[in-house]
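Inspection log for the structure reproduced underneath, given as C-alpha cells.
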Ligand SMILES: NC(=O)c1ccc[n+]([C@@H]2O[C@H](COP(=O)([O-])OP(=O)(O)OC[C@H]3O[C@@H](n4cnc5c(N)ncnc54)[C@H](OP(=O)(O)O)[C@@H]3O)[C@@H](O)[C@H]2O)c1
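Numbering (the numbering used here), first residue to last: 2 to 267.
Okay, structure coming up:
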C-alpha cells in the first residue's frame, strides 16, 4: 500500500537518498528544504529518477521556529493524514552559531524544530495507517546542559550537536510512551557516512551515504520494525541497542521537556 511520507532535510544527504528510494516504490513523498530553488530542483530530480509524479515539497528554515510553525500549518492545510514522518534535517557545523532568538543553532534545528513540527502533526499521524516517526539521532550523544539548551551558555559544535541528539532521543522515548497509536523509533543511521555534513566537519568518511539511506527506508516501510516503538536502532551495530543512559531517566527527561515547553511556548 502506498504511504504518505514526509522527510525533513531531504534536499541533500541521506534524506534525499531515502526519498528517492521511497519514491521509486510509488509512495507519496513530501520532501522538505530551506531553499525554494534547491527544493524545486530536487523534486524534479526525484520525479525523473522514480517516474513518480506524487512528489511534493514544503519549505522552512528550521533555525526559525516561526517558520517551522508556518510549515506545519501548510502541511495541515494540504494533507489529511501522514503515515511516516522522518525527522532527518540536521546541522553539525555552521558559520552562524545562534538563531535570532539567541538559541544555539544545533539545538534549534536538530531538536526544537522536529519537536515543534511533530507536536503540530500528531493529529495527522493519528489519522495515518500504522503511523511511524523516525527521529535521526547519532552515536554522538551527551548529557544536555539546560543552560546550553536555553542559550545561556555557549558550547562547542561537537558538544551542542551531541547534546541536541541526546535531547531528540530522550524526547523520542517520551513520545513513544505517550502516543500509543504512533510508533516512534530514534535511529543512529551510522557514523561518518559520506555526506556534506561529515565531509565538511571531518574531511573523511567511514561508510557510504547509502548505508544511512537504506536504514531510513527500512525503518519507514519494513514490517521487520513493526512493534519496535520506543526502541533505539543503532546502525553502527545493525540492530536495536541502548541509547545514552539519560534517555532512560524519567527525571532528566521531564526536566528537558519542561525547558523545551518554555522555549517553544506551546
Ligand atoms: N552523516 C552521518 O554520518 C550522520 C551520522 C549520524 C546522524 N546523522 C544525522 O542524519 C541527518 C542527515 O544528515 P546528513 O549526513 O544527510 O547531512 P547533510 O547531507 O548535511 O543533510 C542535512 C539536511 O538537513 C538540511 N538542513 C540543515 N540545516 C537546515 C535548516 N536550518 N533548515 C532546514 N533544513 C536544514 C539540509 O538542507 P540543505 O540541502 O538546504 O543544506 C540537508 O537537506 C542529520 O540529522 C544528521 O545529524 C548523520
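The beta carbon of each residue, even a glycine, is placed where N, CA and C say it ideally should be.
Quick check on residue i - is its C-beta less than 8 Å from some C-beta in chain D?
i	result
residue 263	Given the protein chain composition of this structure (a single chain), no chain D is represented.
Compare the C-alpha of residue i against each of the options and name the closest.
i	options	result
residue 103	55, 153, 130, 143	153
residue 139	250, 86, 170, 21	170
residue 108	203, 58, 36, 156	156
residue 172	119, 128, 129	119
residue 142	134, 124, 158	158
According to DSSP, is residue i part of a helix, a strand, or is it coil?
i	result
residue 54	coil
residue 199	helix
residue 255	helix
residue 34	strand
residue 193	coil
residue 5	strand
residue 49	helix
residue 78	helix
residue 92	coil
residue 247	helix
Per DSSP, which residues does residue i bridge with? Please list them.
i	result
residue 66	Residue 66 pairs with nothing; no bridge assigned.
residue 134	86, 185
residue 59	33
Every unbroken alpha helix (DSSP H) inside the stretch 205-243 [4 residues or more]: Taken in chain order, the unbroken stretches of alpha helix (DSSP H) that lie wholly in the stretch 205-243 and span 4 residues or more are 210-222.
Sequence ranges, alpha helix (DSSP H) only - wholly within the stretch 136-179, length at least 4: At a cut-off of 4 residues, the continuous stretches assigned as alpha helix (DSSP H) that sit fully inside the stretch 136-179 are 147-150, 158-179.
Segments assigned alpha helix (DSSP H), at least 4 residues, entirely inside the stretch 97-127: The stretch 97-127 contains these whole alpha helix (DSSP H) runs: 114-127.
Inter-stretch contact at 8 Å, needing at least 3 Cβ pairs: the stretch 190-207 / the stretch 221-239: Yes: at least three Cβ pairs fall under 8 Å.
At least 3 beta-carbon pairs within less than 8 Å: the stretch 78-92 vs the stretch 41-53: Not touching, per the Cβ criterion.
The stretch 9-18 / the stretch 208-215 touching (three or more Cβ pairs under 8 Å): By the criterion of at least three beta-carbon pairs nearer than 8 Å, the stretch 9-18 is in contact with the stretch 208-215.
Stretch pair the stretch 70-83 + the stretch 176-185: three plus CB contacts closer than 8 Å: Between the stretch 70-83 and the stretch 176-185, the count of Cβ pairs shorter than 8 Å is below three; the stretches do not touch.
Touching by the beta-carbon criterion (3+ pairs, under 8 Å), the stretch 23-38 and the stretch 53-62: Segments in contact, yes.
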